[in-house]
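Asks: One structure follows; several queries about it will come next.
So this is what it looks like as structure tokens:
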């Protein structure tokens with residue numbers, strides 16, 4: 003297969019330099035966090051921030067988990083993230099299926115509304131959102147964050163999935179209809195398996211966004227027992243502000259699920275990003 007872009011030697015060196023520099027920008031702080039999280043005390047952190055821990059203290063992670071009540075915060079974040087992923091993947095896939103495969107009068111206008119949602123940040127509608135959440139009696143509940151988080155990801159998810167659904171051959175759908183398949187059967191048993199890379203992309207993006215969200219819980223949640231990890235980490239910072247080895251351990255605990263999710267779904271994620279614009 004011919005290369006789309008043919009780079010000269012100097013251009014290749016420039017690209018490689020930029021990629022290596024960017025990798026260092028990402029990896030150096032992460033490596034520093036890992037090293038400092040394993041140091042026995044804050045003195046060791048200040049003496050040599052980039053030095054190897056001596057001795058290696060794995061107990062910092064257990065202390066951070068217990069002392070900061072991370073178990074409860076972790077569970078709240080998991081509920082928010084997994085519920086958001088479920089809502090977004092199901093709602094966006096059904097919406098995109100109808101818009102792409104069953105167009106009707108007004109479907110284009112609905113799609114344009116979703117595209118406007120991609121452009122306009124949901125935080126600009128915070129005041130009416132807060133009033134709506136309070137009117138529904140969802141204030142100071144995990145559902146307030148779940149619904150708003152899912153709504154904020156819907157426009158991007160619909161945009162990605164509509165592109166995927168339009169690229170699926172119509173003959174596949176027509177053959178299923180001729181065999182007596184109902185629309186939901188076509189969607190569930192035929193279309194969804196064909197767009198798994200796109201669903202993985204949406205699920206991963208939604209999970210990362212929901213897991214790392216700080217602003218929405220700050221606005222909608224007041225009870226400490228409902229705090230997610232982002233707000234729990236802020237509480238932990240107030241308690242252990244000067245104990246940097248503990249802070250680094252807590253940060254790594256929070257980072258672990260998103261890193262694991264990306265590693266597990268990386269192949270599908272990259273496939274989902276690259277296949278949406280390719281016409282079969």
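Residue numbers (the working numbering): 3 to 282.
Glycine included, every Cβ here is placed at the ideal spot set by N, Cα and C.
(1) So what does DSSP say about residue 95, is it helix, strand or coil?
(2) Quick one: give me the first and last residue of the alpha helix (DSSP H) that residue 228 is part of.
(3) Check each candidate in 15, 41, 22 and 222 and name the one with the smallest Cα separation from residue 132.
(4) Which residue marks the beginning of the alpha helix (DSSP H) containing residue 110, and which one marks its end?
(5) Out of 233, 47 and 26, state which residue places its alpha-carbon closest to the alpha-carbon of residue 217.
(6) Is it buried or exposed for residue 119, if we count other Cβ within 10 angstroms and need 16 for buried?
(7) Identify whether residue 216 lies in helix, strand or coil by the three-state DSSP scheme.
(8) Whole angstroms is fine: what's the gap from residue 171's alpha carbon to residue 209's?
(9) Quick check: what's the CA-CA separation for residue 229 versus residue 75?
(10) So which of 121, 211 and 57 has the shortest CA-CA distance to residue 147?
(11) How about residue 142 and residue 224: are their beta carbons less than 7 Å apart?
(12) Can you grab the Cα-Cα spacing for the pair residue 245 / residue 270, in whole Å?
(13) Determine contact between the stretch 185-196 and the stretch 106-122, defined as no fewer than three beta-carbon pairs at a distance below 8 Å.
Replies: Put simply:
(1) helix
(2) Careful: residue 228 lies outside any alpha helix (DSSP H) and carries neither H nor E.
(3) 222
(4) 109-121
(5) Residue nearest to residue 217 within the set 233, 47 and 26 is 233 (criterion: CA-CA distance).
(6) buried
(7) coil
(8) 30 Å
(9) Going from the Cα of residue 229 to the Cα of residue 75 covers about 6 Å.
(10) 211
(11) yes
(12) 39 Å
(13) Remark: fewer than three beta-carbon pairs, one from each stretch, lie closer than 8 Å, so the stretch 185-196 and the stretch 106-122 are not flagged as touching.
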